[in-house]
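Quick notes on the structure that follows.
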Amino acid sequence: MIGQAWTRRHVLATDDWSRAEIEMVLEQTDVMLPVLTDPNRTVRRTPALRGRTVVLFFAEASTRTRVSFELAAKALSADVVNVTTAGSSVEKGESLFDTVRTLEALGGEILVMRHAASGAAQFVADRVTSAVINAGDGWHAHPTQGLLDAFTLRTQLGDLAGKRIVILGDVLHSRVARSDIHTLVPLGARITLSGPPTLVPVAWRCGQLPEGVVYEPDADRALAGADAVIALRLQRERQESGLLPSLREYARAWGLSEERVALMRQGAPVLHPGPMNEGIEIAASVAHGSRSLIERQVTNGVAVRMAVLWLLASSPVTA
Amino acid sequence: MTTLLSADDVRRAIARIAHEIVERDRDPSRIALVGIRSRGDVLAQRLHAAIQANEGVDLPLGALDITLYRDDLTRIGHAPVVRTTEIAFSVDDRILVLVDDVLFTGRTIRAAMDALVDYGRPRAIRLAVLVDRGHRELPIRADHVGKNVPTQLGDDVRVHLVEVDGRDEVELVRAAVPA
């Protein structure tokens, strides 16, 4: 990849990315990570984006992703402006389009946005000159999460070619599941989805699955011999009635318990995008156990976002 | 195209600079070498080996990528690939010898010094280069120089090293129209 130029103006979803583009982000993440973690470094930032403005526009609840982007932007010395819908003009009825146009007019060169509507980031990207990074849009995509999961899995498993990774839980409402599929499959991994049929898209449970993906409703069979598992948050705020019999039953059938972890290959790691419903989709002892890479995901997330900000901020269209 | 330094000239220059670096300080144990990617790191490795052979000391050796510290990022028009920086020792109170292939405007060295002080507070930073071609834009000078070469601003000084390019040679390519 060395010498190949980055040409994308936005990061909206990884479903149309080449493997080379994914690799480039992961390689740059590898270089950004020591800025945050190298014990010999006393200053945990670099001046790369000095004088550039990054706007964080979060129109949906978020702690870790927003803070992660903020830390990433600050580690590159960018100026960060935070906008949330609560307390903003959105509450006065301003449209999404008018809000982002205003943010752009105020000098935002990179717009990081989260929105409850799938496709919101694309809608905005089509209408502004800023670079847009999708930090999660509805059920659609969360590309930096897919990239950080790929990065975290690679540091643990090495080359992902032929590795079998289970994505467990509420697949239907999960933009993380979609972004994980669109990042891990191009890197050669095979995905086994597992979860209640009511929480898997109809087309997928009827066999029309993306390449490299299979669906196994039985959690134990899905996990047997797997190389890693990504447990998904049960998105209680997106549940319609009737999808689940009860949380207890869900936890029993698809919750990631220590017994289920033991079904995987020896030492296989456990990931979760957070925030966790401990005791529902993941047992507390698993979440905080020796196989858990959940804290590592948080640190790696900052480095991935530094890499993405760096590539967009210094690419020709925004520079 | 003119050859400025042959393979033998490169070898002699490195041998001499290796001696100079140690001569300058009575206690070489405080010295560490840091090469600037992508050819200064190779030169730093050679200096390290030469000092080890001459003095029997194994100086700390690091490699520095200065991309995130450049002052021309908004001008070059593409995202340059950042490579790893490897400084596996504390720089506090050390005499750091920065090593690069060509000293020109001084901007790379400015960026390198900014990067180094983010790792701590060295006692001193010195500079060793294989070629000094002039045309400084910042108040920076080298402590150890392989060869001083008068050049035109538009000329191209090309350093080839065995480890990267398969041969040791420094060439001068004259500008088509002198700047």
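Taken in sequence, the protein lines are chains X and P. Numbering of the first sequence is given in my numbering, commencing with residue -5 and proceeding in unit increments. Numbering of the second sequence is given in my numbering, commencing with residue 0 and proceeding in unit increments. For every residue, glycine included, the Cβ atom is placed at its ideal position computed from N, Cα and C.
CB of residue i within 7 Å of CB of residue j, strictly
i: L137 of chain P; j: G165 of chain P; result: no
i: L193 of chain X; j: V160 of chain X; result: no
i: A115 of chain X; j: D131 of chain X; result: yes
i: I30 of chain P; j: L63 of chain P; result: no
i: A262 of chain X; j: D221 of chain X; result: yes
i: L217 of chain X; j: M258 of chain X; result: yes
i: E85 of chain P; j: G119 of chain P; result: no
i: E275 of chain X; j: G140 of chain X; result: no
i: A53 of chain X; j: T23 of chain X; result: no
i: V106 of chain X; j: A129 of chain X; result: yes
Backbone CA spacing between residue i and residue j [nearest angstrom]
i: M0 of chain P; j: A175 of chain P; result: 11 Å
i: T168 of chain P; j: H176 of chain X; result: Per the sequence shown, the amino acid found at residue 168 of chain P is Glu instead of Thr. Whole-angstrom Cα-Cα distance: 47 Å.
i: R254 of chain X; j: S56 of chain X; result: 29 Å
i: V280 of chain X; j: P239 of chain X; result: 24 Å
i: A313 of chain X; j: H18 of chain P; result: Low local confidence applies: a pLDDT of 43 at A313 of chain X is under 50, so the model's placement there is unreliable, with the coordinate-based value given in what follows. A313 of chain X and H18 of chain P: Cα-Cα distance of roughly 45 Å.
i: L97 of chain X; j: V49 of chain X; result: 7 Å
i: G295 of chain X; j: T83 of chain P; result: 18 Å
i: A49 of chain P; j: T293 of chain X; result: 40 Å
i: A119 of chain X; j: A171 of chain X; result: 23 Å
i: D7 of chain P; j: V158 of chain P; result: 14 Å
i: R121 of chain X; j: T47 of chain X; result: 19 Å
i: L178 of chain X; j: L241 of chain X; result: 29 Å
i: L151 of chain X; j: R35 of chain X; result: 27 Å
i: R140 of chain P; j: L126 of chain P; result: 8 Å
i: H143 of chain P; j: P28 of chain X; result: 31 Å
i: F51 of chain X; j: T59 of chain X; result: 11 Å
Exposed unless 16 or more other CB atoms sit within 10 angstroms - verdict on residue i
i: L265 of chain X; result: buried
i: I(-4) of chain X; result: Only weak support is given to the placement of I(-4) of chain X: the predicted model assigns it a pLDDT of 47, under 50, and the value that follows is read from those uncertain coordinates. So I(-4) of chain X ends up on the exposed side.
i: A76 of chain X; result: With the sequence shown as reference, residue 76 of chain X is identified as Asn, and Ala is not the correct amino acid for it. Exposed, since its Cβ has fewer than 16 Cβ neighbours within 10 Å.
i: V161 of chain P; result: exposed
i: L152 of chain P; result: exposed
i: T123 of chain X; result: exposed
i: P190 of chain X; result: buried
i: L202 of chain X; result: Per the sequence shown, the amino acid found at residue 202 of chain X is Gln instead of Leu. When all chains shown are included, Q202 of chain X counts as exposed.
i: L43 of chain X; result: buried
i: L100 of chain X; result: exposed
i: T8 of chain X; result: buried
Residue i - partner residues in DSSP beta bridges
i: H159 of chain P; result: P:E168
i: G34 of chain P; result: P:A62, P:V98
i: N128 of chain X; result: X:M107
i: T47 of chain X; result: X:D73
i: V128 of chain P; result: P:D99, P:V144
i: L187 of chain X; result: X:I161, X:Y209
i: S286 of chain X; result: X:V264
i: A225 of chain X; result: X:L162
i: I108 of chain P; result: Bridge partners of I108 of chain P: none, in fact.
i: V5 of chain X; result: X:I127
i: F52 of chain X; result: X:T78, X:R108
7 Å Cβ shell around residue i - same chain, five flanking residues per side excluded
i: R299 of chain X; result: S62, F63, A66, T138
i: G30 of chain X; result: Position check: residue 30 of chain X holds Leu in this sequence, whereas Gly was assumed. Counting only Cβ-Cβ distances below 7 Å, and skipping sequence neighbours, we find R38, A69, T293, V296, A297.
i: A14 of chain P; result: A49
Spatial neighbours of residue i in its chain, beta-carbon cut-off 6 Å, leaving aside the 5 residues before and after
i: R184 of chain X; result: R158, G206
i: L305 of chain X; result: W0
Cutoff 8 Å; reference residue i; Cβ partners in own chain excluding five residues on either side
i: R148 of chain X; result: L20, L154, L181
i: L72 of chain P; result: P79
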